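Chemist: For the record, the sequence lines run as chains A, B and C.
Each residue of the first sequence is one higher than the one before, starting from 97 at the first, in the working numbering.
Each residue of the second sequence is one higher than the one before, starting from 97 at the first, in the working numbering.
Each residue of the third sequence is one higher than the one before, starting from 97 at the first, in the working numbering.
A virtual CB, placed ideally from N, CA and C, is assigned to each residue, including glycine.
A quick note: this is a predicted structure, and the numbers were derived from the prediction, not measured.
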Amino acid sequence: MTNWVENAWYVASWDAGIDTVPVAHTICNIPMVFYRTLDRSVVAMRDACPHRMLPLSKGIREGDSIRCSYHGLKIGPDGVAQEMPLKNERVNTRICAETFVTHERYRFVWVWIGDKEKADPALIPDLWPCEAEGWTFDGGRYHVACDYRLMIDNLMDLTHETYVHSGSIGQEEILEAPIECLVEDDTVYIRRWMPGVEAPPFWAAALKQRGTVDRWQICQFNLPASVMIDVGVAPLGSGATIDKHDQGVRGIVIDFMTPETEETHHYFWGMARNFETHDAGFTARFKQQQGQVFAEDKDVLEAQQKAINANPGMRLNAYSIDQGGVRARQAINRAIKAQSAVEGQAV
Amino acid sequence: MTNWVENAWYVASWDAGIDTVPVAHTICNIPMVFYRTLDRSVVAMRDACPHRMLPLSKGIREGDSIRCSYHGLKIGPDGVAQEMPLKNERVNTRICAETFVTHERYRFVWVWIGDKEKADPALIPDLWPCEAEGWTFDGGRYHVACDYRLMIDNLMDLTHETYVHSGSIGQEEILEAPIECLVEDDTVYIRRWMPGVEAPPFWAAALKQRGTVDRWQICQFNLPASVMIDVGVAPLGSGATIDKHDQGVRGIVIDFMTPETEETHHYFWGMARNFETHDAGFTARFKQQQGQVFAEDKDVLEAQQKAINANPGMRLNAYSIDQGGVRARQAINRAIKAQSAVEGQAV
Amino acid sequence: MTNWVENAWYVASWDAGIDTVPVAHTICNIPMVFYRTLDRSVVAMRDACPHRMLPLSKGIREGDSIRCSYHGLKIGPDGVAQEMPLKNERVNTRICAETFVTHERYRFVWVWIGDKEKADPALIPDLWPCEAEGWTFDGGRYHVACDYRLMIDNLMDLTHETYVHSGSIGQEEILEAPIECLVEDDTVYIRRWMPGVEAPPFWAAALKQRGTVDRWQICQFNLPASVMIDVGVAPLGSGATIDKHDQGVRGIVIDFMTPETEETHHYFWGMARNFETHDAGFTARFKQQQGQVFAEDKDVLEAQQKAINANPGMRLNAYSIDQGGVRARQAINRAIKAQSAVEGQAV
Numbered sequence: 097m098t099n100w101v102e103n104a105w106y107v108a109s110w111d112a113g114i115d116t117v118p119v120a121h122t123i124c125n126i127p128m129v130f131y132r133t134l135d136r137s138v139v140a141m142r143d144a145c146p147h148r149m150l151p152l153s154k155g156i157r158e159g160d161s162i163r164c165s166y167h168g169l170k171i172g173p174d175g176v177a178q179e180m181p182l183k184n185e186r187v188n189t190r191i192c193a194e195t196f197v198t199h200e201r202y203r204f205v206w207v208w209i210g211d212k213e214k215a216d217p218a219l220i221p222d223l224w225p226c227e228a229e230g231w232t233f234d235g236g237r238y239h240v241a242c243d244y245r246l247m248i249d250n251l252m253d254l255t256h257e258t259y260v261h262s263g264s265i266g267q268e269e270i271l272e273a274p275i276e277c278l279v280e281d282d283t284v285y286i287r288r289w290m291p292g293v294e295a296p297p298f299w300a301a302a303l304k305q306r307g308t309v310d311r312w313q314i315c316q317f318n319l320p321a322s323v324m325i326d327v328g329v330a331p332l333g334s335g336a337t338i339d340k341h342d343q344g345v346r347g348i349v350i351d352f353m354t355p356e357t358e359e360t361h362h363y364f365w366g367m368a369r370n371f372e373t374h375d376a377g378f379t380a381r382f383k384q385q386q387g388q389v390f391a392e393d394k395d396v397l398e399a400q401q402k403a404i405n406a407n408p409g410m411r412l413n414a415y416s417i418d419q420g421g422v423r424a425r426q427a428i429n430r431a432i433k434a435q436s437a438v439e440g441q442a443v
Numbered sequence: 097m098t099n100w101v102e103n104a105w106y107v108a109s110w111d112a113g114i115d116t117v118p119v120a121h122t123i124c125n126i127p128m129v130f131y132r133t134l135d136r137s138v139v140a141m142r143d144a145c146p147h148r149m150l151p152l153s154k155g156i157r158e159g160d161s162i163r164c165s166y167h168g169l170k171i172g173p174d175g176v177a178q179e180m181p182l183k184n185e186r187v188n189t190r191i192c193a194e195t196f197v198t199h200e201r202y203r204f205v206w207v208w209i210g211d212k213e214k215a216d217p218a219l220i221p222d223l224w225p226c227e228a229e230g231w232t233f234d235g236g237r238y239h240v241a242c243d244y245r246l247m248i249d250n251l252m253d254l255t256h257e258t259y260v261h262s263g264s265i266g267q268e269e270i271l272e273a274p275i276e277c278l279v280e281d282d283t284v285y286i287r288r289w290m291p292g293v294e295a296p297p298f299w300a301a302a303l304k305q306r307g308t309v310d311r312w313q314i315c316q317f318n319l320p321a322s323v324m325i326d327v328g329v330a331p332l333g334s335g336a337t338i339d340k341h342d343q344g345v346r347g348i349v350i351d352f353m354t355p356e357t358e359e360t361h362h363y364f365w366g367m368a369r370n371f372e373t374h375d376a377g378f379t380a381r382f383k384q385q386q387g388q389v390f391a392e393d394k395d396v397l398e399a400q401q402k403a404i405n406a407n408p409g410m411r412l413n414a415y416s417i418d419q420g421g422v423r424a425r426q427a428i429n430r431a432i433k434a435q436s437a438v439e440g441q442a443v
Numbered sequence: 097m098t099n100w101v102e103n104a105w106y107v108a109s110w111d112a113g114i115d116t117v118p119v120a121h122t123i124c125n126i127p128m129v130f131y132r133t134l135d136r137s138v139v140a141m142r143d144a145c146p147h148r149m150l151p152l153s154k155g156i157r158e159g160d161s162i163r164c165s166y167h168g169l170k171i172g173p174d175g176v177a178q179e180m181p182l183k184n185e186r187v188n189t190r191i192c193a194e195t196f197v198t199h200e201r202y203r204f205v206w207v208w209i210g211d212k213e214k215a216d217p218a219l220i221p222d223l224w225p226c227e228a229e230g231w232t233f234d235g236g237r238y239h240v241a242c243d244y245r246l247m248i249d250n251l252m253d254l255t256h257e258t259y260v261h262s263g264s265i266g267q268e269e270i271l272e273a274p275i276e277c278l279v280e281d282d283t284v285y286i287r288r289w290m291p292g293v294e295a296p297p298f299w300a301a302a303l304k305q306r307g308t309v310d311r312w313q314i315c316q317f318n319l320p321a322s323v324m325i326d327v328g329v330a331p332l333g334s335g336a337t338i339d340k341h342d343q344g345v346r347g348i349v350i351d352f353m354t355p356e357t358e359e360t361h362h363y364f365w366g367m368a369r370n371f372e373t374h375d376a377g378f379t380a381r382f383k384q385q386q387g388q389v390f391a392e393d394k395d396v397l398e399a400q401q402k403a404i405n406a407n408p409g410m411r412l413n414a415y416s417i418d419q420g421g422v423r424a425r426q427a428i429n430r431a432i433k434a435q436s437a438v439e440g441q442a443v
């Protein structure tokens with residue numbers, strides 16, 4: 097049994113990461129090849145020719161199809177053979193490449209892991225800030241050599257910022273603000289409301305005024321593996337609350353974790369914001385800074401994974417600050433268990 | 097159980113690859129050391145001193161013997177100790193290095209894997225073009241990180257030339273010519289007769305005339321793991337047939353695969369030819385070109401092996417073009433099965 | 097079951113190798129972090145924060161404590177938490193870092209592997225030449241990728257010097273002198289007395305006179321994993337014997353092997369001597385030479401370990417020269433067996 101939820105959408109790539117040339121990514125232990133057809137839709141297939149298993153990502157594109165570069169079997173975007181190695185031979189359409197359902201939305205290419213018939217685009221999470229009027233969105237991608245759940249733990253507990261990001265976004269005040277944990281079905285929230293604090297430099301610049309503000313951090317975990325963090329400040333007395341706060345400047349940090357194997361994952365990160373939305377230079381500089389901050393997390397998490405492997409008799413312990421991660425893992429475990437129960441019935 | 101046939105000769109090296117200085121090669125999972133004695137015969141021993149297991153390939157040659165460079169145990173070419181670490185001590189001849197039977201023929205050093213008593217040089221395959229009058233022979237060696245049977249599949253199905261070697265020897269016509277598969281005991285033939293075709297540039301140059309020719313490709317698999325490919329052209333009307341064709345120019349591509357482990361092998365390749373036999377420059381240039389072509393196969397086969405490992409639920413499929421490889425694998429499986437049956441009886 | 101003795105002191109480091117900045121070493125399969133407190137005593141803890149397992153060796157020192165660089169849990173030198181990630185939170189002292197008993201003596205930092213209550217500094221072996229008046233001591237450290245017992249075999253049989261160290265300390269005479277093996281409880285001696293030999297250059301220089309000397313080599317194995325080698329020469333007729341020999345010049349080669357894993361170890365080597373004791377240049381040059389000699393052993397032993405792994409059907413054989421190593425391994429096996437018997441009773 098794997099450590100991730102199936103019958104779910106996972107981010108396979110940023111929109112710009114997949115084009116006409118085939119690219120290979122392993123998602124949830126499945127080697128896949130991705131490419132776009134002429135109408136820009138994204139094909140995902142198992143990255144092994146159904147004939148002799150050479151990776152199709154080494155193949156040559158022909159129209160919307162891909163031709164294996166070993167013996168020339170031509171496979172359509174539906175995974176069905178269109179031409180045999182011997183061109184005059186009748187096409188054997190029983191031997192097909194396994195295909196996967198994809199969907200493009202919010203600048204991400206999503207791939208469905210699990211039972212194809214259940215793949216419903218309506219199940220893609222609501223990332224409204226990534227396409228709302230008055231907002232802008234960008235980000236990057238890292239390969240991280242750790243269990244994707246360690247990244248969820250990390251993002252659901254921002255106390256680590258003080259130590260891991262002491263040179264950048266760390267701030268002692270975060271440690272002092274009380275946190276509130278809410279669970280609604282499989283969604284987990286960690287909420288921090290910091291009323292009447294001095295605006296930190298980044299937010300003062302975003303707000304274009306110094307002085308006292310109300311500040312918030314709301315981490316939201318969703319199945320199968322995402323964390324969105326609503327952050328921002330509003331001028332004191334502007335009426336902002338933990339539940340409603342569009343009076344000041346606001347950003348949503350976007351984090352999607354896609355398992356590659358049990359101990360590695362693809363990390364898609366970014367930020368949607370409702371300020372300086374037309375300043376491309378700001379967007380570029382912010383993405384660079386965010387990338388540096390998340391590279392610090394990558395370092396820590398990869399060291400953590402190595403220590404987990406080197407100390408097989410130990411286990412992770414949880415304090416109050418860890419309740420967000422604990423609740424998120426409980427939701428993941430419930431979903432995995434429910435799934436195996438269904439599969440058990442099916443047999 | 098391994099995936100190769102035992103009680104068989106395998107190529108260990110080209111003649112020039114073994115000299116007085118010990119060299120190490122692992123053959124069929126057995127680490128071996130090879131060197132020549134003063135009479136030029138080749139010694140093969142397990143590459144571990146029978147005393148404390150330091151590789152003998154790190155040892156020092158003394159006459160026809162080898163002295164371990166750890167404690168100085170001196171081992172004769174028969175694997176028997178000749179001098180103890182303490183020189184005045186009585187030699188313990190019960191502790192010996194395991195030796196292997198070798199034989200040198202057709203410019204190759206052969207090593208017998210299996211029961212020593214069955215090692216009969218008469219069982220070395222007939223490579224007549226490698227030593228016949230009016231022929232010349234040369235070639236090279238590659239280490240390939242794949243199951244040796246993938247190389248057999250490759251060589252028994254030349255349709256891959258169109259895609260893998262599109263920049264060099266690939267030719268669309270090969271895909272159009274019908275193939276014929278013959279099986280005689282454990283020998284498998286794939287025969288292609290292309291009557292009345294335009295001589296391709298390489299063969300026109302060899303024949304020293306342009307124009308229409310009869311062309312052939314005959315792949316011949318033999319146990320335990322070799323493929324010889326009879327290729328050439330004869331002027332139209334010269335009486336050449338698929339069974340007899342010495343009217344024009346002819347070459348025999350020589351391919352011997354020696355398992356190193358279940359997923360790696362030593363690949364010995366070359367070409368014997370009956371034209372330009374005294375042109376050393378031609379020989380050198382052709383060997384270089386052939387090496388470039390086979391390096392393309394190495395790339396593809398190593399990617400194929402990785403894909404096989406990454407997709408444990410999949411298996412190789414076979415079309416009509418694969419019948420040569422399929423029959424060859426059947427012969428290998430029969431031989432392995434027969435062997436285990438005999439071993440079963442022996443117990 | 098591991099291949100080393102527990103409830104024993106192992107050398108973790110030279111005294112100079114551990115300072116205020118945390119350093120990581122794996123000892124007997126346990127990842128450990130080491131650092132000195134203000135009073136210079138050495139703390140050893142499992143190198144994984146009891147909270148989320150990030151290596152504590154990546155932490156920040158604060159006073160005598162260490163603060164994890166992930167969430168800031170502050171751990172005292174006794175392994176007990178002193179400050180939570182949220183500073184105002186009540187400290188959870190049940191979740192502790194595992195600590196290990198250390199002791200500093202003879203310029204080494206020793207760590208106790210096993211039951212803490214049994215850790216008695218009196219059990220540290222008597223290395224009198226490392227601190228006696230009129231003697232001086234220095235040495236180095238290597239990481240060696242082999243079972244620590246192969247190093248013991250190596251040191252208990254100096255016949256290897258002729259081959260492994262032919263360019264430096266190897267000498268044919270060593271092969272000719274008879275050896276005597278004595279076993280007293282778990283201590284094993286290999287003694288070589290070479291009366292009336294020409295003083296080799298090194299010893300002639302140490303003795304400051306040429307001519308005939310009595311020479312000795314006495315290898316002494318002690319549990320769990322050390323070999324001390326008493327070497328030197330005395331002028332002929334000065335009354336030196338194999339049992340008592342302080343008439344000339346004398347050195348004790350010190351070798352402590354600390355298992356890292358079953359197939360790797362930390363090798364601590366050095367030399368105590370009773371001549372030129374105030375010549376720092378001699379000490380430095382000798383350490384450099386000794387390091388070069390032991391690097392030759394490292395090469396051989398790592399090749400030996402690889403050959404052991406590559407030849408799973410073979411085993412090490414023992415001649416008369418190997419009796420020291422054989423007896424040492426018997427003592428190790430007896431100790432391991434005795435230990436499991438006690439553990440069996442405890443259950």
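List the residues of chain B that residue 272 of chain C touches, going by C-beta distances under 9 angstroms, in chain order.
Modeler: As a working note, residue 272 of chain C is residue 176 in the third sequence. Correct list: 182, 183, 184.
Chemist: Using a beta-carbon distance below 8 angstroms, is residue 166 of chain C in contact with chain A?
Modeler: For this step, residue 166 of chain C is matched to residue 70 along the third sequence. Yes - at least one Cβ of chain A is within 8 angstroms of the one on residue 166 of chain C.
Chemist: Runs of 3 residues minimum, wholly inside the stretch 231-291 of chain A: which ones carry the beta strand (DSSP E) assignment?
Modeler: 232-240, 275-280
Chemist: Helix, strand or coil: how does DSSP classify residue 322 of chain B here?
Modeler: Here residue 322 of chain B corresponds to residue number 226 of the second sequence, with the count starting at 1. Note: residue 322 of chain B maps to strand in three-state DSSP.
Chemist: When the Cα of residue 259 of chain B is compared with those of A:343, A:164, A:233, which residue comes out closest?
Modeler: Here residue 259 of chain B refers to the residue found at position 163 when the second sequence is read from its first residue. Ranking A:343, A:164, A:233 by Cα distance to residue 259 of chain B puts A:164 first.
Chemist: Given residue 250 of chain C, which residues of its chain have a CB within under 7 angstroms of its CB, disregarding the five upstream and five downstream residues?
Modeler: Here the question's residue 250 of chain C lines up with position 154 in the third sequence. 256, 393, 397, listed in sequence order.
Chemist: Indicate whether residue 221 of chain C and residue 157 of chain C have their beta-carbon atoms separated by less than 8 angstroms.
Modeler: Translated into the one-based positions of the third sequence, residue 221 of chain C becomes position 125. Translated into the one-based positions of the third sequence, residue 157 of chain C becomes position 61. No; because the gap between Cβ atoms is not below 8 angstroms, this pair is not in contact.
Chemist: Looking at the structure shown, is residue 358 of chain A part of a helix, part of a strand, or coil, going by DSSP?
Modeler: Working through the first sequence from its first residue, we reach residue 358 of chain A at position 262. Residue state, collapsed to three classes: coil.
Chemist: With a CB to CB cut of under 8 angstroms and the five nearest residues on each side skipped, what residues in its chain are close to residue 169 of chain B?
Modeler: Sequence index remark: in the second sequence, residue 169 of chain B carries index 73 (1-based). Same-chain partners within the cutoff: 145, 146, 147, 163, 177, 179, 180, 181.
Chemist: For residue 221 of chain C, which three-state DSSP category applies?
Modeler: As a working mapping, residue 221 of chain C is identified with position 125 in the third sequence. Here residue 221 of chain C sits in coil by DSSP.
Chemist: Going along the chain, which residues of its own chain have a beta-carbon closer than 7 angstroms to the beta-carbon of residue 341 of chain A, five neighbours each way excluded?
Modeler: The count along the first sequence starts at 1 and reaches residue 341 of chain A at position 245. Closer than 7 angstroms at Cβ, skipping near neighbours: 312, 328, 330.
Chemist: Among C:408, C:241, C:326, which has the Cα closest to the Cα of residue 360 of chain C?
Modeler: Taking the first residue of the third sequence as 1, we reach residue 360 of chain C at position 264. Cα-wise, what sits closest to residue 360 of chain C is C:241.
Chemist: Could you give the uninterrupted runs of the alpha helix (DSSP H) lying entirely in the stretch 410-435 of chain C, keeping only those of 4 residues or more?
Modeler: With a minimum length of 4 residues, no continuous alpha helix (DSSP H) run stays inside the stretch 410-435 of chain C.
Chemist: What did DSSP end up calling residue 178 of chain B once you bin it into helix, strand or coil?
Modeler: Against the second sequence, residue 178 of chain B aligns to sequence position 82. In this structure, residue 178 of chain B counts as strand in the three-state DSSP scheme.
Chemist: Quick check for students: name the residue ranges of the beta strand (DSSP E) that lie wholly in the stretch 338-395 of chain C, counting only runs of 3 or more.
Modeler: 345-357, 360-369
Chemist: Since residue 100 of chain C is in the alpha helix (DSSP H), which residue starts that stretch and which ends it?
Modeler: Translated into the one-based positions of the third sequence, residue 100 of chain C becomes position 4. Here residue 100 of chain C belongs to no alpha helix (DSSP H), and DSSP marks it neither H nor E.
Chemist: Beta strand (DSSP E) containing residue 140 of chain A: first to last residue?
Modeler: As a first step, residue 140 of chain A is located in the first sequence; it is residue number 44 there, counting from the start. Taken as a continuous stretch (DSSP letters only), the beta strand (DSSP E) holding residue 140 of chain A covers 138-142.
Chemist: Let's see if you can read the secondary structure: which residues bound the alpha helix (DSSP H) around residue 301 of chain A?
Modeler: Your numbering for residue 301 of chain A matches position 205 in the first sequence. Its alpha helix (DSSP H) spans residues 297-303.
Chemist: In whole angstroms, what is the alpha-carbon distance linking residue 277 of chain B and residue 286 of chain B?
Modeler: Position 181 of the second sequence, counted from the first residue, corresponds to residue 277 of chain B. Position 190 of the second sequence, counted from the first residue, corresponds to residue 286 of chain B. Each residue's alpha carbon lies about 5 angstroms from the other.
Chemist: Using DSSP's beta-bridge definition, name the partner residues of residue 106 of chain C.
Modeler: Residue numbering aside, residue 106 of chain C sits at position 10 when the third sequence is read from its first letter. The partner list for residue 106 of chain C (beta bridge, DSSP) reads C:207.
Chemist: Residues of chain B with CB under 7 angstroms from residue 147 of chain A, in chain order?
Modeler: Locating residue 147 of chain A in the first sequence gives position 51, counting from the first residue. Under the 7 angstroms cutoff, chain B gives 413, 415.
Chemist: Roughly how many whole angstroms lie between the Cα atoms of residue 202 of chain A and residue 214 of chain A?
Modeler: Here residue 202 of chain A corresponds to residue number 106 of the first sequence, with the count starting at 1. Here residue 214 of chain A corresponds to residue number 118 of the first sequence, with the count starting at 1. Rounded to whole angstroms, residue 202 of chain A to residue 214 of chain A spans 21 angstroms at the Cα level.
Chemist: Just to confirm the assignment, what range does the beta strand (DSSP E) spanning residue 122 of chain C have?
Modeler: By one-based count along the third sequence, residue 122 of chain C stands at place 26. Run containing residue 122 of chain C: 119-123, per the beta strand (DSSP E) assignment.
Chemist: Exposed or buried, what is residue 370 of chain C when buried is set at 16 or more other beta-carbons lying within 10 Å of its beta-carbon?
Modeler: In the third sequence, the residue the question calls residue 370 of chain C occupies position 274. When all chains shown are included, residue 370 of chain C counts as buried.
Chemist: Starting from the beta carbon of residue 191 of chain C, find every residue of chain A whose beta carbon is closer than 9 angstroms, and list them in chain order.
Modeler: Counted from its first residue, the third sequence places residue 191 of chain C at position 95. Simply 413, 415.
Chemist: Distance cutoff 8 angstroms, beta carbons only. Does residue 142 of chain B sit that close to anything in chain C?
Modeler: The residue you call residue 142 of chain B lines up with position 46 of the second sequence. Yes, its Cβ sits closer than 8 angstroms to a Cβ of chain C.
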